[in-house]
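>
Protein chains: 2
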Amino acid sequence: MRPTVHDIAAAAGVSLATVDRVLNQRAGVRKVTRDRVEQAIERIGYVRDVAAANLAKSRKYPFVFILPSGDNSFMRGLEAEVHAAMARGPLERMVISIVKVPAFDAEALVAALDEVRATAPAGVAVVAVESPEVIAAVNRLRADRIPVVTLVSDLAGSARDHFAGVDNVAAGRTAASLLGRFLGGRPGPIAVLAGSMLVRDHRERLDGFRAVMDEDFPGHTLLPVIEGQDDPVLTEKLVGEALAASPGTVGIYSLGAGNRGLIAALKQRKDAPPVCVIAHELTRHTRAALNEGLIDAVLNQDAGHEVRSAVRVLKAKADGAAVIGAQERIYIDIFLKDNLPFDEG
Amino acid sequence: MRPTVHDIAAAAGVSLATVDRVLNQRAGVRKVTRDRVEQAIERIGYVRDVAAANLAKSRKYPFVFILPSGDNSFMRGLEAEVHAAMARGPLERMVISIVKVPAFDAEALVAALDEVRATAPAGVAVVAVESPEVIAAVNRLRADRIPVVTLVSDLAGSARDHFAGVDNVAAGRTAASLLGRFLGGRPGPIAVLAGSMLVRDHRERLDGFRAVMDEDFPGHTLLPVIEGQDDPVLTEKLVGEALAASPGTVGIYSLGAGNRGLIAALKQRKDAPPVCVIAHELTRHTRAALNEGLIDAVLNQDAGHEVRSAVRVLKAKADGAAVIGAQERIYIDIFLKDNLPFDEG
DNA sequence: GAAAATTTGAGGTACGTAAATCAGAAAATT
DNA sequence: AATTTTCTGATTTACGTACCTCAAATTTTC
């Protein structure tokens, strides 16, 4: 049997009330008595039964997820995952709510963070936008002892508790490594398609990609980065133009979310020499393109994993419990047409 | 506020005792009354507070993990992960124990399963060995309504609740796809190194590998499978001989656990033309070999994920709760030297 | 050494559920 | 209609912890 508060009382030779005062750091206990109780706790290996404690406290865990609005399909998928977590929440006394903020708007994000802070939630998960003001706002939350997890996009220099997302530099490096090897020495320039270079994730991916290309595959030149703003129509046009301008192009790295346009552009040049394509994010479209051989590999971050990990970490932090590091590391999934998971997109 | 049993009683116009009888399927309730209560439950959206129920019942979850003994390093890593889960167990009222059984010994496994069954655990995870007797033994557990999860190695045709492991056919296909593309048309035979063809995982990987090689890269012949019995010394010898016999070999797929021997053999032929190598399981040795460029890619199944997933599923099944499919799917991790995780190994 | 302040003890109620007892009501059987 | 059987209600205790009150014991202060 696990020891209980009663066992502590007996072991320390004090009353239950005193044990309670020590355990819940209430005032009115002499230092010597406190020490005696703490030693007893240590000695008999008491661990608080969190479930029973929560029951007694009628404790709730109000968590807030701050997500960018807009029609970025990855973000909408992320939101769907948060909704799924929301539905499962009550089973574990969690009440999850979502606050939406215009994408890439640091000012709005700061306002949202401060508003959320006023509601004193048990934890906050936020898709960060990089700016000193945002860092300060996150630090204000932490100063209030509210756990903060950054989601998908980290906030370097802040006091956030945890980052639930992938290592984007490693993702870029991996993309370069795959692309370089898949090309197997076939010479020619390589095109890079991004959404916008203003986003940290995209910059990091590009940095990683560049580093490995320069180091391991110096034979290939990188064409100027195409910024398609994650817009299908614009992307299709720009990619088409770029391929026309550099007909010898042998590879494309699509590090953003503009895959629909890319795929459309690829379909238009069926007869042209093959181009090796590495893209990000497994969606209905990239999955189909993988199967058709239009795309050679897809690097994916699993939004469901990220959300569930964020929730677990927030809960653990709220309880003052330990986080299982290995469990919360989000790996980049690499999908070829040969290891596609069955359902969903 | 979430509705409680009292709310059910009020809504159905019955007493608490009757609600309890219905909720815990005790006898002595007329069909009509039972229906009325169940409708009330439905109507007010009652969900049992599992934490409170477990507290009242002083419920424990005794789970048993049945693992193969022997010095297979993957299995020992798996055991370490089970020990880690064991240590975290008490926080969630789980008591995990380990039963070890000689590897690949169906008879011993059956005996262990029946012995475990007699202790009426709340769930069993087992690294399965394929045999009709084992299937029958697993089905006996299921007949006793004991949840069963197969771990790492599945048991087709059995009534197990869940399989916590990777799709090994897809792993083999992925290996072939990577190897074929990395070779980029460079002709030459390919060697396959396995532990033993008696293990289902290995057979499945080989099947997947063969299928894609035949289909997509028919230019390469596959040399006869080398069975190194996962023994470093034997493996080094056999690989050395095979490479000497077929000096034109361009690729190696190591689908078992004999990587130390393989790496030793590779180091002996530094001056020889490069061979593209795909191996399984990220260990200290394969990680080092990746970094040195001796191995080009490592496919990995994360034992920690598998164990944690098995535990979660067993708990959910024991509670009669739903399993989050996407969360419990174990992906094959693909590691290049560019996306190696930092610690452990 | 008395008064004041602080510390400690004893006991209760609550959280939501499980499980039990026992009395009384309703139904089924004679 | 009387009896047996089956169903239902009312009530209690318990799980492990939190939180509250009030009294008693101890220490500190003057």
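If you're matching them up, the sequences are chains V and L in order. Counting from 1, one number per residue, gives the positions in the first sequence under UniProt numbering. Counting from 1, one number per residue, gives the positions in the second sequence under UniProt numbering. Every residue gets a Cβ at the ideal spot worked out from N, C-alpha and C, and that includes glycine. Since the model is a prediction, treat every value here as computed from it, not as a measurement.
Is the CB of A122 of chain L under 8 Å away from at least one CB in chain V?
Position 122 of the second sequence, counted from the first residue, corresponds to residue 122 of chain L. Closer than 8 Å: no.
> Kindly say whether H162 of chain L, judged by its beta-carbon, lies nearer than 8 Å to any beta-carbon of chain V.
Residue numbering aside, residue 162 of chain L sits at position 162 when the second sequence is read from its first letter. It does not: the Cβ of H162 of chain L has no partner Cβ on chain V nearer than 8 Å.
> Identify, in the order they occur along the chain, each residue of the same chain with its Cβ nearer than 8 Å to the Cβ of S15 of chain V, setting aside the five sequence neighbours on each side.
Counting from one through the first sequence, the residue named residue 15 of chain V turns up at place 15. The residues are A9.
> Once DSSP output is grouped into helix, strand and coil, what is the label at L16 of chain V?
Numbered from its first residue, the first sequence carries residue 16 of chain V at position 16. If DSSP states are grouped into helix, strand and coil, L16 of chain V belongs with the helices.
> Measuring straight from C-alpha to C-alpha, what distance separates G240 of chain V and L266 of chain V?
Looking up residue 240 of chain V in the first sequence gives position 240. Looking up residue 266 of chain V in the first sequence gives position 266. If I take the Cα positions, the gap works out to 8 Å.
> From L:N54, L:D7, L:V50, pick the residue whose C-alpha is nearest to that of A37 of chain L; which is it?
Here residue 37 of chain L refers to the residue found at position 37 when the second sequence is read from its first residue. In the sequence as displayed, the identity of residue 37 of chain L is Val instead of Ala. Among L:N54, L:D7, L:V50, the Cα nearest to that of V37 of chain L is on L:D7.
> Unbroken beta strand (DSSP E) runs of length 3 or more, entirely within the segment 66-127 of chain V: which are they?
DSSP runs (the beta strand (DSSP E)) wholly in the segment 66-127 of chain V: 94-101, 123-126.
> What residue ranges within the segment 134-185 of chain V form continuous alpha helix (DSSP H) runs of no fewer than 4 residues, ordered along the chain?
Complete alpha helix (DSSP H) runs here, min 4: 168-183.
> Can you tell me where the beta strand (DSSP E) holding N300 of chain L begins and where it ends?
On the second sequence, residue 300 of chain L is found 300 positions in, with the first residue counted as 1. Residues 297-300.
> With the cut-off set at 8 Å, would you say A176 of chain V and V212 of chain V are in Cβ contact?
To locate residue 176 of chain V, count along the first sequence from 1; it is residue 176. To locate residue 212 of chain V, count along the first sequence from 1; it is residue 212. Going by C-beta atoms, A176 of chain V is nearer than 8 Å to V212 of chain V.
> Just list the residues that DSSP pairs P62 of chain V with in beta bridges.
What you label residue 62 of chain V is simply residue 62 of the first sequence in a count that begins at 1. Answer is V:V95.
> Can you find a C-beta in chain V that's less than 8 Å from the C-beta of G248 of chain L?
For the purposes of this step, residue 248 of chain L is identified with residue 248 of the second sequence, where counting begins at 1. So no, G248 of chain L is outside the interface.
> Of the residues that make up the segment 184-195 of chain V, which ones have a beta carbon closer than 9 Å to any beta carbon in chain L?
Here the close residues are G184, G185, R186.
> Apart from the five residues just before and just after E344 of chain L, which ones in its own chain have a Cβ nearer than 7 Å to its Cβ?
Taking the second sequence and counting its residues from 1, the one referred to as residue 344 of chain L is at position 344. Residue placement at E344 of chain L cannot be trusted, given a pLDDT of 48 that sits under 50; what the coordinates show is reported in the next sentence. Same-chain partners within the cutoff: there are none.
> Cβ of M197 of chain L within 8 Å of Cβ of E236 of chain L?
Here residue 197 of chain L corresponds to residue number 197 of the second sequence, with the count starting at 1. Here residue 236 of chain L corresponds to residue number 236 of the second sequence, with the count starting at 1. Not closer than 8 Å, so no.
> Pick helix, strand or coil for Q327 of chain L, following the three-state DSSP scheme.
Translated into positions along the second sequence, residue 327 of chain L becomes position 327. Three-state result, Q327 of chain L: helix.
> Go to I252 of chain V, then tell me how far its beta strand (DSSP E) extends in each direction, as first and last residue.
As a first step, residue 252 of chain V must be located in the first sequence, where it is residue number 252. Start and end: 251-254.
> Could you work out which residue in L:D214, L:G219, L:L206 is closest to V225 of chain L when comparing CA atoms only?
Mapped onto the second sequence, residue 225 of chain L falls at position 225. For the residues L:D214, L:G219, L:L206, the minimum Cα distance to V225 of chain L belongs to L:L206.
> Specify, as a first and last residue, the run of the beta strand (DSSP E) that F335 of chain V falls within.
Reading the first sequence from its first residue, position 335 is the one you call residue 335 of chain V. Segment 333-335, the beta strand (DSSP E) holding F335 of chain V.
> According to DSSP, is E236 of chain V helix, strand or coil?
The sequence position of residue 236 of chain V within the first sequence is 236, counting from 1. In the structure shown, E236 of chain V sits in a helix (DSSP, three-state: H, G or I).
> Is T119 of chain V buried or exposed, if buried means 16 or more other CB atoms sit within 10 Å of its CB?
Sequence index remark: in the first sequence, residue 119 of chain V carries index 119 (1-based). Classification for T119 of chain V: exposed.
> Could you give the residue range of the alpha helix (DSSP H) that holds A272 of chain V?
In the first sequence, residue 272 of chain V corresponds to position 272, counting from 1. Premise fails: A272 of chain V is in no alpha helix (DSSP H) and is neither H nor E.
> Please return the same chain residues whose Cβ sits closer than 7 Å to the Cβ of K317 of chain V, not counting the five positions on each side in sequence.
Position 317 of the first sequence, counted from the start, is the residue given in the question as residue 317 of chain V. Only G123, P147, D161 meet the Cβ criterion.
> Look up E130 of chain V in the DSSP assignment and say whether it is helix, strand or coil.
Stepping through the first sequence from its first residue, residue 130 of chain V is reached at position 130. Coil at E130 of chain V, not helix or strand.
> Determine the burial state of D302 of chain V: buried for a count of at least 16 other Cβ atoms within 10 Å of its Cβ, exposed for fewer.
Residue numbering aside, residue 302 of chain V sits at position 302 when the first sequence is read from its first letter. By the 10 Å Cβ count, D302 of chain V comes out buried.
> P341 of chain V touches chain L at which residues, Cβ-Cβ below 7 Å?
Here the question's residue 341 of chain V lines up with position 341 in the first sequence. Residues of chain L passing the Cβ test: R329.
> Sort out for me which residues DSSP pairs V192 of chain L with in a bridge.
Sequence index remark: in the second sequence, residue 192 of chain L carries index 192 (1-based). Partner(s): L:Y253.
> Closest Cβ-Cβ distance between G304 of chain L and chain V: below 8 Å?
Position 304 of the second sequence holds residue 304 of chain L. Taking Cβ atoms only, chain V reaches closer than 8 Å to G304 of chain L, which makes this a yes.
> Considering only their Cβ atoms, is the gap separating S153 of chain V from A136 of chain V smaller than 8 Å?
By 1-based counting over the first sequence, the position of residue 136 of chain V is 136. By 1-based counting over the first sequence, the position of residue 153 of chain V is 153. It is not a contact, given that the beta carbons lie outside the stated cut-off.
> For E115 of chain L, count neighbouring Cβ atoms within 10 angstroms of its own Cβ and tell me buried if that reaches 16, exposed if not.
As a working mapping, residue 115 of chain L is identified with position 115 in the second sequence. Under this definition E115 of chain L is an exposed residue.
> Can you tell me whether H280 of chain L is helix, strand or coil according to DSSP?
Sequence index remark: in the second sequence, residue 280 of chain L carries index 280 (1-based). Residue state, collapsed to three classes: strand.
> Taking 8 Å as the threshold (beta carbon to beta carbon), is T221 of chain L in contact with chain V?
Along the second sequence, read from residue 1 onward, the residue named residue 221 of chain L stands at position 221. No - not a single Cβ of chain V is within 8 Å of the one on T221 of chain L.
> Taking 8 Å as the cut-off, does the segment 325-342 of chain V touch the segment 326-337 of chain L (at least 3 CB pairs, one atom from each stretch)?
In short, these stretches touch, since the Cβ pair count reaches three.
> From which residue to which residue does the alpha helix (DSSP H) around Q39 of chain V run?
Translated into the one-based positions of the first sequence, residue 39 of chain V becomes position 39. Residues 31-44.
> Quick one: using the 10 Å Cβ neighbour count with 16 as the cut-off for buried, is G219 of chain V buried or exposed?
For the purposes of this step, residue 219 of chain V is taken as residue 219 along the first sequence, with counting starting at 1. Per the 10 Å Cβ criterion, exposed.
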